[in-house]
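In our numbering, the protein residues as written are 71 to 506. Heads up, the thing below is written out as structure tokens.
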């Protein structure tokens, strides 16, 4: 998940979305947008389509291509940039009423069950059956399709996935004779060596923003230890288990090697630490890696190398999370859903998918190979070593409700046992709402 976004109750089901602008109807240029085939029966009268999608190098190519290529034949797509807080508010607002402001939503796997179970997203299986062959939707990764499904029904067309990747300063590692760490124990050893002999006071950078990213970090650590938020068989939350305590202790063990202000850092702040050389290692979503390789961003661009993230305590499941993004159609849009399906299917075609590499890891199979980018090999190894998703409507709500507790425990304001107790209590109450 991409930092677990605030999603709780009817007014807090929030997606991680930041609008990126490009193309017709947009307030930003379309110079980088690929022109892709976008064919649909012209509507009987002019139609405006409002698109909500977050701003990143992974999502922009898909959004930009759709907006530029599908604005024709009486259809105009509108798309404007917005920050995360504003985006979250607009997402809640557009799905809350009888009629919404937006007609196409970028969404991701964590929140699909919450939206789908409450009837806010339009099911897509009938449209896939009707048009799937025309748009080559069978070439979309089946696991990514499953990640955007709920109760056996598809609710979003997958466009791309993000997985954790480690970026590190190869020049620093070579000078000190270090190798990319494979476990948290090795990560601590490497960080301590760089701190002592490498001239970098805080060599490790993780996005641990207390309002969001820190929940993703905890979930990734818990998953690497083989534990879900909620037991899949019994429906009992797992926050009172030894693994839940160990996940906290392992994350806390990294704090001596990170900036003391780490709980204020989202992924852009971590990128900045890598850009300016104040950190030598970072673990972020793979969509952030392309920016590190661009010389205009950092004098160290040529020195960055990439590896899969380590596991927490050994084993095949890494400190990792797989976030699948896709296009959804709100149930409350008054635009013809058949038309909207044509637009979102065009946006995940082979042309736009190819244009999205290396910023994205497209859902269309065969787009990423070992030579696709400096971090492609790390992506390909990482993608198969994340813990499986928890496709339940309570998952995002538990994440949101427990995020402040996770932040307090990791920062030391709350003890591990007390944090576990409070999280178990909260999660038990949330799950009980769905078990009645």
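All residues carry an ideal CB built from backbone N, CA and C; glycine is no exception. None of the values given here were measured: they were computed from a predicted structure.
Going by DSSP, residue 177 is part of the beta strand (DSSP E) stretching over 174–178. Residue 504 and residue 406 have their alpha carbons spaced roughly 32 Å apart. DSSP places residue 335 outside both helix and strand once states are collapsed to three, so it counts as coil. Distances from the CA of residue 472 to each of 310, 260, 492 and 480 were compared; the closest alpha carbon is that of 492.
By the criterion of at least three beta-carbon pairs nearer than 8 Å, the stretch 252–259 is in contact with the stretch 369–385. Residue burial is scored here from C-beta neighbours: residue 346 has fewer than 16 other C-beta atoms within 10 angstroms and is therefore classed as exposed. Sixteen is the threshold: when 16 or more other Cβ atoms of the shown chains lie within 10 Å of the Cβ of residue 250, as they do, the residue is buried.
The beta carbon of residue 333 sits closer than 8 Å to those of 278, 279, 280, 284, 477, 480 and 481, all from its chain and outside the five residues before and after it, given in chain order.
Assigned with DSSP and collapsed to three states, residue 432 falls in strand. The beta carbon of residue 323 sits closer than 8 Å to the beta carbons of 254 and 258 from its chain, once the five residues preceding and following it are set aside; these are given in chain order. Around the C-beta of residue 192, 16 or more other C-beta atoms lie within 10 Å, and the residue is accordingly described as buried. Between the stretch 110–120 and the stretch 140–152, the count of C-beta pairs closer than 8 Å reaches three or more; the two stretches touch.
Residue 259 is not bridged by DSSP to any residue. The beta carbon of residue 195 sits closer than 8 Å to the beta carbons of 223 and 224 from its chain, once the five residues preceding and following it are set aside; these are given in chain order.
Looking at the DSSP output, residue 148 bridges to 120. Per the C-alpha coordinates, the member of 158, 246, 305 and 244 positioned closest to residue 460 is 305. In this structure, the alpha-carbon of residue 167 lies about 38 Å from that of residue 353.
Here residue 357 carries a helix assignment [DSSP, helix/strand/coil]. For residue 422, the closest C-alpha among the options 129, 122, 135 and 117 is that of 135.
Short of 6 Å from the beta carbon of residue 105, and not among the five residues preceding or following it, lie these beta carbons of its own chain, in chain order: 139.
DSSP, read as helix, strand or coil, puts residue 220 in strand.
For residue 238, the enclosing beta strand (DSSP E) starts and ends at 234–239. Going by beta carbons, residue 452 and residue 233 fall inside the 8 Å limit.
When 428, 444, 403 and 432 are compared, the shortest CA-CA separation from residue 417 is found for 432. The beta carbons of residue 490 and residue 287 sit no closer together than 8 Å. Annotated three-state conformation of residue 142 is strand, per DSSP. Within the same chain, 357, 360, 361 and 429 come within 7 Å of residue 127 by CB-CB distance, once the 5 residues on both sides are set aside.
At a Cβ-Cβ threshold of 8 Å, residue 227 and residue 176 do not count as neighbours. As DSSP reads the structure, residue 191 sits in a beta bridge with 400. Nearest neighbour of residue 486 by Cα position, chosen from 434, 464 and 320, turns out to be 320.
Restricting attention to 414, 437, 398 and 446, the CA atom closest to the CA of residue 179 is found in 398. In the three-state reduction of the DSSP assignment, residue 372 falls in the helix class, which pools H, G and I. With contacts defined as CB atoms closer than 8 Å, residue 299 and residue 468 qualify as a contacting pair.
Looking at the DSSP output, residue 393 shares a beta bridge with 232. Between the alpha carbons of residue 290 and residue 230 lies a distance of about 19 Å.
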